[in-house]
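Working notes, structure below.
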Amino acid sequence: MSTNPLFAPFALKSLQLKNRIVMAPMTRSFSPNGVPGADVAAYYRRRAEGQVGLILSEGTVVERPASSNDPNIPHFYGEQALAGWQHVIDEVHAAGGKMGPQLWHMGVMSGHRSGWKPTEAFEGPSGLLKPGEATGKAMTENDITDTIAAFARAAADAQRLGFDCLELHGAHGYLIDQFFWAGMNERTDHYGGPSLPDRSRLAVELVEEVRRHVGEDFVISLRLSQWKQQDYAVKLAHTPQEMEAWLQPLADAGVDIFHCSQRRFWEPEFENEGSDLNFAGWVKKLTGKTTITVGSVGLSGEFLAGFAGEASEPSGIEELLRRLDRNEFDLVAVGRQLIVDPNWVEKIQQGRADEMKGFSRETLATLV
Ligand SMILES: Cc1cc2nc3c(=O)[nH]c(=O)nc-3n(C[C@H](O)[C@H](O)[C@H](O)COP(=O)(O)O)c2cc1C
Numbered sequence: 350m351s352t353n354p355l356f357a358p359f360a361l362k363s364l365q366l367k368n369r370i371v372m373a374p375m376t377r378s379f380s381p382n383g384v385p386g387a388d389v390a391a392y393y394r395r396r397a398e399g400q401v402g403l404i405l406s407e408g409t410v411v412e413r414p415a416s417s418n419d420p421n422i423p424h425f426y427g428e429q430a431l432a433g434w435q436h437v438i439d440e441v442h443a444a445g446g447k448m449g450p451q452l453w454h455m456g457v458m459s460g461h462r463s464g465w466k467p468t469e470a471f472e473g474p475s476g477l478l479k480p481g482e483a484t485g486k487a488m489t490e491n492d493i494t495d496t497i498a499a500f501a502r503a504a505a506d507a508q509r510l511g512f513d514c515l516e517l518h519g520a521h522g523y524l525i526d527q528f529f530w531a532g533m534n535e536r537t538d539h540y541g542g543p544s545l546p547d548r549s550r551l552a553v554e555l556v557e558e559v560r561r562h563v564g565e566d567f568v569i570s571l572r573l574s575q576w577k578q579q580d581y582a583v584k585l586a587h588t589p590q591e592m593e594a595w596l597q598p599l600a601d602a603g604v605d606i607f608h609c610s611q612r613r614f615w616e617p618e619f620e621n622e623g624s625d626l627n628f629a630g631w632v633k634k635l636t637g638k639t640t641i642t643v644g645s646v647g648l649s650g651e652f653l654a655g656f657a658g659e660a661s662e663p664s665g666i667e668e669l670l671r672r673l674d675r676n677e678f679d680l681v682a683v684g685r686q687l688i689v690d691p692n693w694v695e696k697i698q699q700g701r702a703d704e705m706k707g708f709s710r711e712t713l714a715t716l717v
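Written out as C-alpha cells, the structure reads:
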C-alpha cells in the first residue's frame with residue numbers, strides 16, 4: 350500500500366511521523382482527581398502499538414481554579430498528575446509512538462460533573478455561558494496574565510516530560526474560542542473589540558508565551574473550529590480574507606500546525622468561493638502552514654449526533670484519500686474510530702474493511 354498517501358512519512362521541525370494519521374484529542378474522564386493512571390497509559394500505548402502516527406491526548410487542563418468542570422478530567426499540573434503523564438509518554442514511546450498533550454481551559458461551562466464544583470466560579474472573557482446569558486465571571490487582566498502563564502508552564506512541562514509536540518485547545522467554544530467569538534467576548538479592553546484580530550489577542554499572546562517557553566524547534570499545534578458547541582451554525586470567519594486576518598497573527602506568534610476541526614471533513618468551508626476546499630484546505634492555502642483535517646473519517650455519522658445516541662457505521666475513505674493526494678491538508682485526525690478500535694490504522698493499511706467497527710455512545714463507558 351505504499352501509494353496510499355496516508356502512509357507517507359511526515360516531518361516538521363523536531364517532529365517525525367511514520368504516517369499521516371493523528372488520534373484526535375478525546376476526553377475520556379478516566380483520571381480520578383485529575384491523575385491519569387496505568388489504565389490511561391495502557392489505552393494510549395495500544396494506539397501506539399496500533400501504528401497511529403501521532404497521538405493527541407484528551408484535553409488536559411491547565412492550573413486555574415476553574416479550568417475544568419469534572420474531577421475525572423486529567424490535569425496537566427501538580428506532581429501526581431505529571432507523574433501520570435510521564436508514565437503515559439514513556440509507554441507510548443516504548444511502543445514506537447509519538448504524542449502531544451492537548452492543553453485546555455474550558456472557560457464558562459453550563460454545569461459540573463460527578464458531583465464536583467471548582468473552588469471558584471467559571472471564568473471567561475465576559476462571564477457568558479452563551480450569547481446573552483451570564484453565569485460565570487469576566488476575567489480580569491490579572492486572571493488573563495495568570496492563565497497565559499499556566500499554559501506556558503504546562504507547555505514547558507510537556508517538553509520536559511518528553512512529549513513530541515503539544516496542542517492548544519482553541520476550538521469548540523471553550524476558553525480561547527470564547528475570546529474569538531463576538532457572541533461571548535463583549536470586552537472593551539485590549540482583549541476584546543469589533544474585529545476578529547482584536548479578539549484574537551489572548552490567543553496570540555498565549556502562543557507567543559508558549560513559544561518562548563519551548564523554543565523554536567518544538568511543534569505547537571492550535572486547534573480551531575468555526576462551529577461552537579453552543580451554536581453549530583456560527584462562523585468566526587465568513588470569507589477567506591477574514592480567515593487570513595484571523596490566522597496570520599497566530600502563525601506569526603508561533604503556531605506550526607493548525608488543527609482545523611469540522612464535524613464532516615468533506616464540507617466546503619466557503620459556499621461562495623467556487624471551491625470545494627475544506628477548513629484545513631483553506632487554512633493551508635492562506636497561511637502556508639501544516640494543517641490537520643478531522644470530522645467523520647471512516648464513519649457514516651458525525652460525533653455530536655453520536656453523543657445524542659445516533660449510531661455510526663464504518664464507511665470508506667476514498668474521498669479523504671483524494672483530498673490528501675491533492676495536498677489539500679497534511680495530516681488526518683481520526684476520533685471515534687480510534688476509540689472503538691486501537692487497530693484501525695492497520696486495518697486501513699491492509700484493506701481489512703470487513704473488520705471495521707461502528708461507533709455507538711455505549712463504547713465510551715470503558716477504555717478499550
Ligand atoms: C468522546 C469524545 C471526546 C472528545 N473530546 C475532545 C477534546 O477533549 N478536545 C477536542 O478538541 N475535541 C474533542 N472531541 C472531538 C474530537 O477530537 C473530534 O474532533 C470529533 O470526534 C470528530 O472526529 P470523528 O468524527 O473522527 O470522531 C471529542 C470527541 C469525542 C467523540
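Straight run, no breaks: the sequence shown in the working numbering ends on number 717.
For every residue, glycine included, the Cβ atom is placed at its ideal position computed from N, Cα and C.
Residue i versus the options, residue with shortest Cα-Cα distance
i: Gly519; options: Gly386, Arg548 and His442; result: Arg548
i: Ala582; options: Phe678, Glu618 and Val556; result: Glu618
i: Leu739; options: Thr640, Met458 and Ala360; result: The question about residue 739 has no answer here: the residues shown for the chain are numbered 350 through 717.
i: Ile688; options: Met592, Gly399 and Glu668; result: Gly399
i: Met448; options: Gly402, Gly427 and Glu469; result: Gly402
i: Leu716; options: Val632, Ser378 and Ala503; result: Ser378
i: Gln429; options: Val410, Asn382, Glu440 and Val441; result: Asn382
i: Val646; options: Ala600, Asp605 and Phe708; result: Phe708
i: Ser406; options: Gln590, Ala373 and Gln686; result: Ala373
i: Gly532; options: Gln578, Glu695 and Gly427; result: Gln578
i: Thr376; options: Tyr392, Gln365 and Arg369; result: Tyr392
i: Pro474; options: Gln575, Gln435, Ser624 and Gly522; result: Gly522
i: Thr712; options: Ala660, Ala682 and Trp693; result: Ala660
i: Ser649; options: Arg612, Gly541 and Ser624; result: Arg612
i: Pro589; options: His562, Arg685, Gly460 and Leu545; result: Leu545
i: Thr494; options: Gly658, Arg710, His539 and Gly511; result: His539
i: Leu653; options: Val559, Trp693 and Arg710; result: Arg710
i: Gly456; options: Lys634, Ser463, Asn418 and Gly433; result: Asn418
i: Val632; options: Asn621, Ile438, Gln597 and Gln699; result: Gln597
i: Trp530; options: Ala387, Ala552 and Leu431; result: Ala552
i: Gly386; options: Ser463, Val437 and Glu695; result: Val437
i: Val635; options: Ile606, Gly658 and Glu651; result: Note on residue identity: the sequence assigns Leu, not Val, to residue 635. Comparing Cα positions, the closest option is Ile606.
Cβ-Cβ separation, residue j to residue i (assumed contact under 8 Å), whole Å
i: Glu535; j: Gln451; result: The Cβ separation is near 27 Å, so there is no contact.
i: Gly603; j: Glu557; result: 6 Å
i: Lys614; j: Thr642; result: Per the sequence shown, the amino acid found at residue 614 is Phe instead of Lys. Contact flag correct, Cβ pair sits at about 5 Å.
i: Leu366; j: Val568; result: About 10 Å; that fails the 8 Å criterion.
i: Val371; j: Val681; result: 7 Å
i: Ala415; j: Glu469; result: 5 Å
Residue i classed as buried or exposed, judged by whether at least 16 other C-beta atoms fall within 10 angstroms
i: Ser570; result: buried
i: Phe656; result: exposed
i: Glu472; result: buried
i: Arg394; result: buried
i: Glu616; result: exposed
i: Asn725; result: Here the chain covers residues 350 to 717 and nothing more, so residue 725 does not appear.
i: Ala499; result: buried
i: Lys466; result: exposed
i: Ser351; result: Low per-residue confidence applies at Ser351: pLDDT is 45, beneath 50, and the placement is therefore not dependable enough to give any value.
i: Gln575; result: buried
i: Gly476; result: buried
i: Asn627; result: buried
i: Glu482; result: exposed
i: Asn621; result: exposed
Three-way DSSP call (helix, strand, coil) for residue i in this model
i: Glu428; result: helix
i: Arg394; result: helix
i: Met488; result: coil
i: Leu573; result: strand
i: Ile697; result: helix
i: Trp631; result: helix
i: Trp465; result: coil
i: Pro420; result: coil
i: Pro381; result: helix
i: Asp679; result: coil
i: Glu482; result: strand
i: Gly720; result: In the structure as shown, the chain starts at 350 and stops at 717, and residue 720 therefore has no counterpart that could be examined.
i: Leu670; result: helix
i: Met448; result: strand
i: Pro663; result: strand
i: Leu355; result: helix
i: Val568; result: strand
i: Glu593; result: helix
i: Phe528; result: helix
i: Thr712; result: helix
i: Glu554; result: helix
i: Ala507; result: helix
i: Val559; result: helix
i: His539; result: coil
i: Val410; result: strand
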